[in-house]
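Residue numbers (the numbering used here): 1 to 64.
The beta carbon of each residue, even a glycine, is placed where N, CA and C say it ideally should be.
Here the structure is a predicted model, which is why all the values come from computation and not from measurement.
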């Protein structure tokens, strides 16, 4: 279990987003497919990674 944003890896996986927002898999991928986020798709399987700072900046702006 993570306690602060610095405890998360620099590149968040969709499972990290699910844990932080407490949403399901479908909602997570809908969010990550939003052009608002610059996600990195890696490799043949198109693994998704989102920079931690980008995500938390969005989250802090959303919660204000």
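On the premise that residue j lies in contact with residue i, defined as a C-beta separation below 8 Å, what is that separation, rounded to the nearest angstrom?
i: residue 48; j: residue 59; result: About 17 Å separates the two Cβ atoms, so there is no contact after all.
Work out the CA separation of residue j and residue i for me, nearest whole Å.
i: residue 52; j: residue 44; result: 23 Å
i: residue 7; j: residue 20; result: 12 Å
i: residue 10; j: residue 22; result: 20 Å
i: residue 26; j: residue 14; result: 10 Å
i: residue 12; j: residue 57; result: 13 Å
Let me check one thing: in DSSP terms, what residues is residue i bridge-paired to?
i: residue 20; result: Its beta-bridge partners do not exist; DSSP assigns none.
i: residue 51; result: 11
i: residue 26; result: Answer is none; residue 26 lacks a bridge partner.
i: residue 40; result: 49
Within a Cβ cutoff of 6 Å, which residues of the same chain sit near residue i, ignoring the five residues on either side of it in sequence?
i: residue 40; result: 49
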